[in-house]
Amino acid sequence: MSNGQLQLVLFITGDGTRGQRAVGNLRNLCSGVLSDRCHYEIVDVLEQPDRAEASRIMATPTLVKTSPVPDRRVIGDLSNADDVLAALEIDV
Amino acid sequence: MSCILVVDHDPASVSVTSELLRTLGHRVHEATHTDHCLALVERHHPDLVLIGIRPGDVPASGFIRSLREQPQLQGIFVVGISSSRAEPSGALAEPSCVDGFITRPVSDSEFVSRVEGFLQLKGAQDALRRSESRFRRVIERNADGIIIVSRDGRVRMCNQAALWLFQIGEDALISRDFGLPLTTGECTEVEVPHGDGGYTVMEMRVVDIEWDGSTAWLASLRDVTERYDAQKALEASNRALRLVSACNETVLHAGEEQELLEQICRTAVTIGGYDLVWVGLAETSPGHPIQPVHWAGQGAGFIGDAELSWDTGLRAGLAPAGEAIREARPVVYEDTRAVPLASAEVEPAVQHGYGRLIYLPLCSERGAFGVLGLYGRDCQRVTDEELSLLLRLSRNLAFGIEHVRTESEKQRVQETVLKVASGVSATVGTEFFEQLARNMNQALGSVISMVARVNMGEDPTAETLSVIVHDELRENVGFRLAETPCLEAFDRGSLVLHELSGSEFPLNSGDRPDTSAGVIWRLDNAAGQPIGFLITLFAWPLEEEDFVYNTIQIFASRAEAEIERRNTDVRIRDQASLLDKAQDAIIVLGMDQRVLFWNQSAERLYGWSAEEAFGQPLETLVADSRDQFSKTFVNVLHDGEWKGEIAQRHRDGHSLIVEGRWTMVRDDDGRPQSMLVINTDITQRKEQEREIEQLAFFDPLTRLPNRRLLVDRLQQALVVSGRNGQIGALLFLDLDNFKILNDTLGHDLGDELLRQVAVRLQYAVRRSDTVARLGGDEFVVMLPEMDPVSSYAAEQVAIVGEKILEVFRLPFELSGQEFFITPSIGIALFGDRASSVDQLLKRADLAMYQAKESGRNSIRFFDEHMESEVANRAAREKELRRAIREREFVLFYQPQLEVEHGVIGFEALARWQHPKQGIIAPGQFIPLAEETGLIVELGRLVLTQACEQLVIWARSTDTADLSLSVNVSARQFRHPEFVTDIRAALEKTGANPRRLRLEVTETLLLEDVGQVVAKMVSLRELGITFSLDDFGTGYSSLFYLKTLPLDQLKIDQSFVRDVLDDPNDAVITKTVIRLGQSMGLSVMAEGVETREHLDFLRDNGCSAYQGFYFSEPIPAADLADYLGAGDHELT
């Protein structure tokens, strides 16, 4: 099990169903297998375009793991939790 | 077999190696020095170059470097053979330099196996390179954006479309962190933000591929924003449509207002997909509150507490709900986040985060009485379709509410009437209470007994119904309860009075016996409410108190029943008189169907007075159809009641439609006693409904469905075909030349023709097909449910199309004359993929235009090129407009010569000097200018320039006599401002009109010749001359030739070109020349290209010429040179 707090940022566009699905899946993930281990933030690129620009977000929904290094990001609605964890290189 | 080049300074080494390789079957070329090696490589393209290398081998490394610099020689394998164990050094040591080394000494077999190894590797690399370039080509040509993402999430490659999608340069995209697409094998939707607040919705498909030796993802992205929006809009409309029909069901079956509202709200949430739906009623109490009465949806509870109003004077009244009620119109906010409401702080929906708000007024004839609110969390466009469906819903709901309200009102009246009809005894007089009081005195031994009724109120009073003193009936009296012990009894139910002063109860007249005790008993009705008192007073102290109590109870129950009955009777009598004021005809029939009761409304409705109606069988008074009447009567006997519409007649014979509610009334033993008939006159409403339906959905002229109904049905057909995969078709039909016919025959006959066309069209199609008229002479036929295979469907549709053309083959008879008219038909199929109503109509329309252009009376199927052609044409038109604005047109001048005078003038010819495409010939833009009407503007430009040229010529005596011919198109000539335009150009430039010649064509003669002649005459008065261009190609009517004030005929170049080869053309040319001469017109031949043409024309008397033989059209700048060259005499 890796130490330290996980930092996740989910970028979505507006409050459409795609983005909301990703938000829901992320919440489940963080309150489920990752409970107490992660801090997550949701950024709407329409409201904070500069954040998206700074993170060089190409498409949404994108979930970025900012800590611990290395940075990892995935694209999609995060419906398969196992895939997400594997892709972000998070041990459970 | 491979091709190998062996290079070595040592000839022996070369030949040994070559021999060895040849024995293996390879083709081998040899070289002993590197000077011509490159040429050898270029000629033979060897698969492998084996080169002997010595330490510090400068020539070898120079050759290899130059070989590597040739891009077309990429992929040639170079293997160094070093003859020492020393490592290669210098340039040769660079890894890119050679592909491998073989170090001698080495056995033959090992050498051979190494070489074969290199050849295999080379073969594999070639294959890879080939497949890679194929792969790249496929990707590059793909319209979808494609990116290749390596396992670390970085972009490794992309195509042009991807750059465009991400709006980014290739350098910025490559190796950018895209992220790991987690959806291998399936399709997902993602958004690509633009940074300016907008975004594109993309469909992303990800597959695993091999890339550069490891696995990677290939993600293809397709822009589906438009599809997504369209889909959402369509979904919303479909949902709204389903919602309307589900709600209609509810409205039809609703029995109670509460139930109706509850169901509608629930349905709008579950089927309509709205997140919150509520209904509020507008109240007229102070502050004009909007009372939310029902709501549905998650978290909708706050609506119940919302303070809403429709009073403009109040802040809460500014909210959209109030606006919808006040103005009785829908109020829509598609996105409250984008466009904040002015009244946001008083709108609870905004505070609760709803983004999309729709408020629909609920209206009766007297105005809006409530509002239907539909909220969505997401912002989304409200399409016209959705809104119109929702309006339908709110209208139906309002109707439903009104309907159930009147229904319950009617039920109340009905109950009352039933009581009247069931003959409740109303004949009980005062005798009952008189007798009761007497009996009380006798039974109890009291001296005074009275029965009193209570009138409730702030200060309750009582009035007696009977007063007996000893045996004597006294006059009734009234008193306030507070004045007597009754007030106490009123509270306690009964009261025993042991001490009486004797004056507690007032008596109106006569003497008053002494009383010392008494009992007061309160009378209650069945519901326990006080209705009166029994009072009995004794001359002596009360002894047998229990007996008195028990006995008085018996009297009390009798008295209670009677008072209650009397109260009811009074009410019934009151209500019976109300019946006369009712709007409905109320009739009571005996079981013999004869009239027992007939109210004033019945008098009004049927024209029979109550006196006339009494005792008559109802059937003879009002029945329109005997059968229907007896059937109804039997129904009531059987079911106890009947409800429905029935046709009846007024006394004067005019027909009525009534909505009847007939109820059987039974006596106490359950036997049928009488029948209550309540009839509402709905004749007018029915007529209005029919009329409204006709107006709304049918074309008044042809009685065919109109555009609205067509769109409605088409929408349904689209939904159905989308579901079951059946293909449908839309035929757009327009009558050829209808406008001309309509104008010449008059509009009455035009209308009659349209009516006949409507009849024939209906004849040509199935009953399930829809024939609609969109307006004018445009008809649409919708054929749903054709074959699911599109090619078969197309065949079926084509057959229907042919059938339609067929029914037009017979003449139409209009006011005794026969007319032939043909249609042009455009067809668009639907069902194979999502299409919208608008799009389909447009497509069928477009196909119809193609049919028209291809020569009328024909059928065309829509294909996708049509759309692009329209777009193309629009682009070209735009370009042409721009060119006119920018004045990109220049004139070229082709000389005109005469036998005796040489150059006499020029014809001005317009050229488009396009900034990018250079000079464009008139054939490429004049037809478009004609079609679009831009020719008028273009013609003005040309005329002005021509006049300016005339002014230039006028300055020099050498050129002052030159004339200039300018082409005028028919459309330009017909323009009402044409003469004014020419005058203006002449005046502005100061050109001499006598030098200006206008060339017109025979197409001018297609319209009002009188007007054409008038215009020509007025221009000739200025000195302008006219030439008839292209003579011989059109009508060439001698009559017109004589009518028009012409100066010149021009023989068309098509005749002149073949004048020597085609005898017909020669004859025509000769005829035109003679014709011109006989009419005193000069004749000019166009298209004179050879000396032989000239000779023929001159021999036959033609005196003026124009053509390439003399000169092609020349730009204005070269005119001076041409004229200066002199010697244009014809010899």
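Residue numbers (numbering that gives the first Met the number 0), protein chains in the order written: chain W, 0 to 91; chain H, 0 to 1130. Even glycine gets a Cβ: it sits at the ideal position worked out from N, Cα and C.
Counting along the chain, where does the alpha helix (DSSP H) carrying residue i start and finish?
| i | result |
| --- | --- |
| Ile89 (chain W) | First-last for Ile89 (chain W): undefined, no H or E at that position. |
| Asn598 (chain H) | It is not in any alpha helix (DSSP H) - Asn598 (chain H) carries neither H nor E in the DSSP assignment. |
| Cys264 (chain H) | Glu256 to Thr269 |
| Gln761 (chain H) | His746 to Ala763 |
| Glu433 (chain H) | Glu430 to Leu443 |
| Glu852 (chain H) | Val836 to Glu852 |
| Val1016 (chain H) | Val1008 to Arg1019 |
| Asn475 (chain H) | Where Asn475 (chain H) is concerned, there is no enclosing alpha helix (DSSP H), given that its DSSP letter is neither H nor E. |
| Ile925 (chain H) | Ile925 to Thr931 |
| Glu18 (chain H) | Pro10 to Thr22 |
| Ala30 (chain H) | Run containing Ala30 (chain H): none in the alpha helix (DSSP H); it sits in the beta strand (DSSP E), Arg26 to Ala30. |
| Pro58 (chain H) | Val57 to Glu68 |
Can you have a look at residue i and say buried or exposed, based on whether 16 or more other CB atoms are within 10 angstroms of its CB?
| i | result |
| --- | --- |
| Lys1069 (chain H) | buried |
| Ile553 (chain H) | exposed |
| Gln528 (chain H) | exposed |
| Phe10 (chain W) | buried |
| Ala827 (chain H) | buried |
| Phe819 (chain H) | exposed |
| His1092 (chain H) | buried |
| Gly1079 (chain H) | exposed |
| Trp520 (chain H) | buried |
| Ile1023 (chain H) | buried |
| Val423 (chain H) | Low confidence applies here, because Val423 (chain H) scores a pLDDT of 32, under 50, leaving its location unreliable and the question unanswered by this model. |
| Leu297 (chain H) | Checking the sequence shown, residue 297 (chain H) turns out to be Gln, not Leu. Exposed: under 16 other Cβ atoms inside 10 Å. |
| Asn2 (chain W) | Note that Asn2 (chain W) scores a pLDDT of 49, beneath 50, so its modelled location is shaky; the value from the coordinates is reported in the next line. Exposed is the call here. |
At what residues does the beta strand (DSSP E) containing residue i begin and finish?
| i | result |
| --- | --- |
| Val32 (chain W) | Val32 (chain W) -> no beta strand (DSSP E), and no H or E assigned at all. |
| Trp911 (chain H) | Gly901 to His913 |
| Met219 (chain H) | First, the residue type needs correcting, since residue 219 (chain H) is Ser and not Met in the sequence shown. Per DSSP, Ser219 (chain H) belongs to the beta strand (DSSP E) from Ser213 to Asp222. |
| Pro347 (chain H) | Run containing Pro347 (chain H): none in the beta strand (DSSP E); it sits in the alpha helix (DSSP H), Pro347 to Gln350. |
| Gly192 (chain H) | Per the sequence shown, residue 192 (chain H) should be read as Pro rather than Gly. Start and end: Cys186 to Pro192. |
| Thr92 (chain W) | Outside the shown range of chain W (0 to 91) lies residue 92 (chain W), about which nothing can therefore be said. |
| Phe368 (chain H) | Gly366 to Gly375 |
| Gln290 (chain H) | Pro288 to Ala295 |
| Cys378 (chain H) | Cys378 (chain H) -> no beta strand (DSSP E), and no H or E assigned at all. |
| Arg982 (chain H) | Arg982 (chain H) -> not in any beta strand (DSSP E); alpha helix (DSSP H) instead, spanning Phe977 to Thr988. |
| Gly303 (chain H) | First-last for Gly303 (chain H): Phe301 to Asp304, but that is the alpha helix (DSSP H), not the beta strand (DSSP E). |
| Tyr332 (chain H) | Val330 to Tyr332 |
Thinking residue i and residue j are a contact (beta carbons under 8 Å), I'd like their distance in whole angstroms, please.
| i | j | result |
| --- | --- | --- |
| Arg153 (chain H) | Asp176 (chain H) | 6 Å |
| Leu732 (chain H) | Leu839 (chain H) | Going by Cβ atoms, the distance from Leu732 (chain H) to Leu839 (chain H) rounds to 14 Å, so no, they are not a contact pair. |
| Thr631 (chain H) | Trp661 (chain H) | 7 Å |
| Ile3 (chain H) | Leu47 (chain H) | 5 Å |
| Val278 (chain H) | Gly369 (chain H) | 6 Å |
| Gly727 (chain H) | Leu782 (chain H) | 6 Å |
| Ala1084 (chain H) | Ile1050 (chain H) | 5 Å |
Applying a beta-carbon distance threshold of less than 7 Å, which residues of chain A neighbour residue i?
| i | result |
| --- | --- |
| Glu188 (chain H) | Of the protein chains in the structure, W and H, none is chain A. |
- Which parts of the segment 1025-1088 of chain H are runs of the alpha helix (DSSP H), unbroken and 4 residues or longer, counting only runs that do not cross its ends? 1037-1042, 1052-1056 and 1062-1077
- Item | Near-chain W residues of the segment 149-167 of chain H (beta-carbon distance less than 7 Å), N- to C-terminal order | Gly152 and Phe165
- 3-residue-minimum beta strand (DSSP E) runs that sit fully inside the segment 657-710 of chain H, ordered along the chain: Listed in chain order, the complete beta strand (DSSP E) runs (minimum 3 residues) inside the segment 657-710 of chain H are 671-680.
- Item | Residues, ordered as in the chain, of the segment 24-50 of chain W that lie near chain H by beta-carbon distance below 8 Å | Val44, Leu45 and Pro48
- Message: Just to confirm the assignment: which complete alpha helix (DSSP H) runs, minimum length 4, are found wholly within the segment 753-825 of chain H?
- Response: 789-806
- Item | Contained alpha helix (DSSP H) runs [length at least 4] in the segment 481-548 of chain H, N- to C-terminal order | Secondary structure in the segment 481-548 of chain H: the alpha helix (DSSP H) runs of 4 residues or longer, each lying completely within the stretch, are 485-491 in chain order.
- Closer than 9 Å, Cβ to any Cβ of chain W: which residues of the segment 54-77 of chain H, in chain order? none
- Query: At a Cβ cut of 7 Å, what residues of the segment 645-669 of chain H count as close to chain W, listed as they run along the chain?
  - Reply: none
- Interfacial residues, the segment 361-391 of chain H to chain W, with Cβ spacing under 7 Å: Asp377
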